[in-house]
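Asks:
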Amino acid sequence: MKKQSLVLVVIAAIIVIAGIFFITNQNIQKDVSDDQKKIGFIYIGPPGDHGWTYMHDVGRQYLEKELGDSVSTTYIENVPENADAVRSIRKLAESGHDLIFTTSFNYMDQTLEVASEFPDVKFEHATGFKRADNVSTYSARFYEGRTVIGHIAGKMTETNTIGYIVSFPIPEVIRGINAFYLAASKVNPDVKIKIIWVYSWYDPGKEADAANTLINQGADIIVQHTDSYAPCQAAEKAGVLAFGQASNQEAFCPNAHMTAIEDIWGPYYAAKAQAVVDGTWSSEDTWQGFKDGMVEMSPYNEKLLSSDLIAEAKAIEEGIENGTIHSFEGPIYNQAGELVVKEGDVADDGMLASMMFYVQGIDGEVPQ
Amino acid sequence: MNIELIIGILNIVLISTTPLVFAGIGELVTEKSGVLNLGLEGLMLVGAVTGFITLVLTGNYFYSLILSIISGVILSGIFAFLVLNLMTNQIATGLALTIFGIGLSAMLGKKFSGTPIEGLSPYYFIIISFLLVFSVGYFLSKTKSGLIVRAVGENHNSAYALGYNVIKTRYFTIIFGGVMSSLAGYYISICYAPMWQEGMTAGRGWIALALVVFATWKPWRLLVGAYIFGGVAIMQMNLQAFGVELPGQIFNMMPYIATLIVLVFISSNKVRLKLSAPSCLNIPYEKNS
Chain R
1 MKKQSLVLVV
11 IAAIIVIAGI
21 FFITNQNIQK
31 DVSDDQKKIG
41 FIYIGPPGDH
51 GWTYMHDVGR
61 QYLEKELGDS
71 VSTTYIENVP
81 ENADAVRSIR
91 KLAESGHDLI
101 FTTSFNYMDQ
111 TLEVASEFPD
121 VKFEHATGFK
131 RADNVSTYSA
141 RFYEGRTVIG
151 HIAGKMTETN
161 TIGYIVSFPI
171 PEVIRGINAF
181 YLAASKVNPD
191 VKIKIIWVYS
201 WYDPGKEADA
211 ANTLINQGAD
221 IIVQHTDSYA
231 PCQAAEKAGV
241 LAFGQASNQE
251 AFCPNAHMTA
261 IEDIWGPYYA
271 AKAQAVVDGT
281 WSSEDTWQGF
291 KDGMVEMSPY
301 NEKLLSSDLI
311 AEAKAIEEGI
321 ENGTIHSFEG
331 PIYNQAGELV
341 VKEGDVADDG
351 MLASMMFYVQ
361 GIDGEVPQ
Chain D
369 MNIELIIGIL
379 NIVLISTTPL
389 VFAGIGELVT
399 EKSGVLNLGL
409 EGLMLVGAVT
419 GFITLVLTGN
429 YFYSLILSII
439 SGVILSGIFA
449 FLVLNLMTNQ
459 IATGLALTIF
469 GIGLSAMLGK
479 KFSGTPIEGL
489 SPYYFIIISF
499 LLVFSVGYFL
509 SKTKSGLIVR
519 AVGENHNSAY
529 ALGYNVIKTR
539 YFTIIFGGVM
549 SSLAGYYISI
559 CYAPMWQEGM
569 TAGRGWIALA
579 LVVFATWKPW
589 RLLVGAYIFG
599 GVAIMQMNLQ
609 AFGVELPGQI
619 FNMMPYIATL
629 IVLVFISSNK
639 VRLKLSAPSC
649 LNIPYEKNS
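In order, the protein sequence lines correspond to chains R and D. Everything in the first sequence is counted per the numbering used here, starting at 1 for the first residue and increasing by one. Everything in the second sequence is counted per the numbering used here, starting at 369 for the first residue and increasing by one.
1. Where residue 370 of chain D and residue 249 of chain R are concerned, what is the direct C-alpha to C-alpha distance, given to the nearest angstrom?
2. Residues of the stretch 43-58 of chain R with a CB closer than 7 Å to any CB of chain A: list them in chain order, please.
3. Helix, strand or coil: which one does DSSP assign to residue 356 of chain R?
4. Determine, using beta carbons only, whether residue 112 of chain R comes closer than 7 Å to chain D.
5. Let me know if residue 418 of chain D comes out buried or exposed under the rule of 16 or more other beta-carbons within 10 Å of its beta-carbon.
6. Should residue 464 of chain D be flagged as near chain R, meaning a C-beta pair shorter than 7 Å?
7. Using the beta-carbon of each residue, which ones in chain D are nearer than 7 Å to residue 212 of chain R?
8. Between the Cα of residue 127 of chain R and those of R/35, R/321, R/56, R/365, spot the shortest distance and give me the residue it belongs to.
9. Can you tell me which of the three DSSP states residue 29 of chain R falls into?
10. Just the chain R side, please: which residues come within less than 9 Å of residue 611 of chain D by C-beta, in chain order?
11. Find the nearest neighbour of residue 541 of chain D within the set D/424, D/420, D/393, judged by alpha-carbon distance.
12. Taking DSSP's pairing of strands, which residues face residue 163 of chain R in a bridge?
13. Compare the C-beta of residue 216 of chain R with all C-beta atoms of chain D and state if any pair is closer than 7 Å.
14. Quick one: using the 10 Å Cβ neighbour count with 16 as the cut-off for buried, is residue 93 of chain R buried or exposed?
15. Scan the stretch 84-130 of chain R and note each continuous beta strand (DSSP E) run of 3 residues or more that stays entirely inside, going in chain order.
16. For the alpha helix (DSSP H) that contains residue 554 of chain D, what are its first and last residues?
17. Between which two residues does the beta strand (DSSP E) carrying residue 263 of chain R extend?
18. With a CB to CB cut of under 7 Å and the five nearest residues on each side skipped, what residues in its chain are close to residue 401 of chain D?
19. What three-state label does DSSP hand residue 137 of chain R in the structure shown?
20. Is there at least one Cβ from chain D nearer than 7 Å to residue 359 of chain R's Cβ?
21. What residues of chain D sit near residue 9 of chain R, judged by a beta carbon separation below 7 Å?
22. Considering just the uninterrupted stretch of the beta strand (DSSP E) at residue 245 of chain R, what are its terminal residues?
23. Are the CB atoms of residue 242 of chain R and residue 219 of chain R within a distance shorter than 7 Å?
24. Determine the extent of the beta strand (DSSP E) in which residue 42 of chain R is found, giving its start and end residues.
25. Please say whether residue 490 of chain D and residue 252 of chain R have beta carbons closer to each other than 7 Å?
26. Using the DSSP secondary-structure output, state which residues sit across from residue 296 of chain R in a beta bridge.
27. Give me the DSSP bridge partner(s) of residue 329 of chain R.
28. Using beta carbons (cut-off 7 Å, strictly below), is residue 277 of chain R in contact with chain D?
29. Would the stretch 267-277 of chain R and the stretch 80-88 of chain R be scored as touching if the rule is three or more Cβ pairs under 8 Å?
30. Report the neighbours of residue 245 of chain R on chain D: residues whose CB is nearer than 9 Å to its CB, in chain order.
31. By alpha-carbon positions, which one of R/207, R/180, R/63 ends up nearest to residue 145 of chain R?
32. Below 7 Å between beta carbons: does that hold for residue 623 of chain D and residue 597 of chain D?
33. Within 10 angstroms of its Cβ, does residue 233 of chain R collect 16 or more other Cβ (buried), or is it exposed?
34. Run through the stretch 423-470 of chain D for me and flag every whole alpha helix (DSSP H) of 4 or more residues, listed as ranges in chain order.
35. Tell me the residue span of the beta strand (DSSP E) that contains residue 75 of chain R.
Below, the structure written as structure tokens:
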């Protein structure tokens, strides 16, 4: 009896381990012809999140379609932002990949570590700032989209209270809050934003709680910088308005979703992959917005927004594109009332990249 | 503060705490019979995804609920077979169940994530959760079957000597716990945040486990504890939105810190007796010994 049980346990354990192995490795393809360039992607979440990772995967598929047979792509999903990432990145480098995209901020040091071991492999790290001869960085100017939705929110709010759900206090998120508030207060000086930090990129339950809390406190527009569409759903249920995040989420909240800021990675991925195929790849820093099509607005919801307002929003998009409008135009004051951007100036990229303060008019402090 | 605001806050607390009550009360019964099931997170995810998929495919809430429950019965049945009949290590098997559940739910749900569904009102579940806690409390303290469950958890050899079927009792409590976890998962994907996305329970299974210890294995304390955990989380959100500065990370750690403190108390044996921890918790039962 005992021996038999032991055998059964061992078999069960092998099945479970094999199953886990199968699930984590099913996306690693091995059969590739020699002249093809292999492009690898490291994802922080599942491509099914309908947010951040989903849009990177859309970019990957675009790359595959554009370059056809000259490349093949692979990805590893759900890679945690810790030492484990080194293993995953190295796995791609070792298996003959020529170009590897690591698509989250906290893969920064891990990317550089593996890059130093594989000088012939090219690396592209999203939203980071550390580069090397074979490591480029790239990011999108999402804050330009925040200027557009800030304008819409300022015009649409009736309670003058806007609820803003945020993940972690990092420059990208703070920059978004500031750009949003500057645009909203420009068209509606009475507007107030209520901010809730949920300390998670992705927890649908908590995001819904935060949205409901804000609505309960009188917010009639919900803005989010977290990854699930739960806040938009909560807004739909409560009969208030919202903006989608990272991808078009109108299908989930058709009566609340006014528009969304979309991340468009495809053309960039295709260009960089083409550069590797042509042998012209070089290390550089890319930060693109509306102008280069890396950030786009989802179709404006005509049921909710007047045609005048849609025209205004489109005019802002265009203004940012041709440089007549900037999200951070002086004069801008910080909360202490000090002038940080002079009249006639715009905030430079250095200030934007390290922005860790709220502009004047936003209540509360940036969490430390 | 006006009355509407307070009612609104209570409403959000009720909605967000209910999954903890379901998963917690199930685990409490399992642990009372002397079995530690660390697989809650996995059970919840599989319960959530099976309910969601069935709802998408059939459009019928009743079928989706039944399938979600069946998934809990099957998975916890496998767990019970492993730990009771094959006498595998409960902690290792529970962890394996969680890892397995995370992977299985992700695989099953891949095609369905991002399908919009019509959510179900959470209020039925909230009412059931209260009734459940009181029934479990009554069952454990006032009925003969409840006494048998406790006897099995306190000393399985004595219970066996008295003629009670230890294995059968534990099968019953493990499957009850599994079904409650599936219901918690079902509630999350159908009522709380009507959607399916991988890993959407976001650690609530672990909080429920902590809650059982925090409640020192007493049903009514579990209810109070769940509402303290849930209430604190919602209160800190409200304070943030009112502009009060709070270290949010610390509030996220609160359930675990509170549980650690209770664990420190329990580790002294005299207090432990008073706190009603089942003595046979996590000790495998061998019939011939």
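Note that the Cβ used here is the ideal one computed from N, Cα and C, for glycine as well.
Replies: On the basis of the supplied data:
1. 34 Å
2. Given the protein chain composition of this structure (R and D), no chain A is represented.
3. coil
4. no
5. buried
6. yes
7. 380
8. R/56
9. Since pLDDT at residue 29 of chain R reaches only 46, below the 50 mark, its modelled position is unreliable, and no value is offered.
10. 194, 195, 363, 364
11. D/393
12. R/194, R/222
13. yes
14. buried
15. 99-102, 122-126
16. 534-555
17. 257-263
18. 517, 520, 521, 537, 538, 541
19. strand
20. no
21. 454, 456
22. 241-246
23. no
24. 37-42
25. no
26. R/262
27. R/346
28. no
29. no
30. Neighbours of residue 245 of chain R on chain D: none; closest Cβ ~13 Å, over 9 Å.
31. R/180
32. yes
33. buried
34. 429-448
35. 71-76
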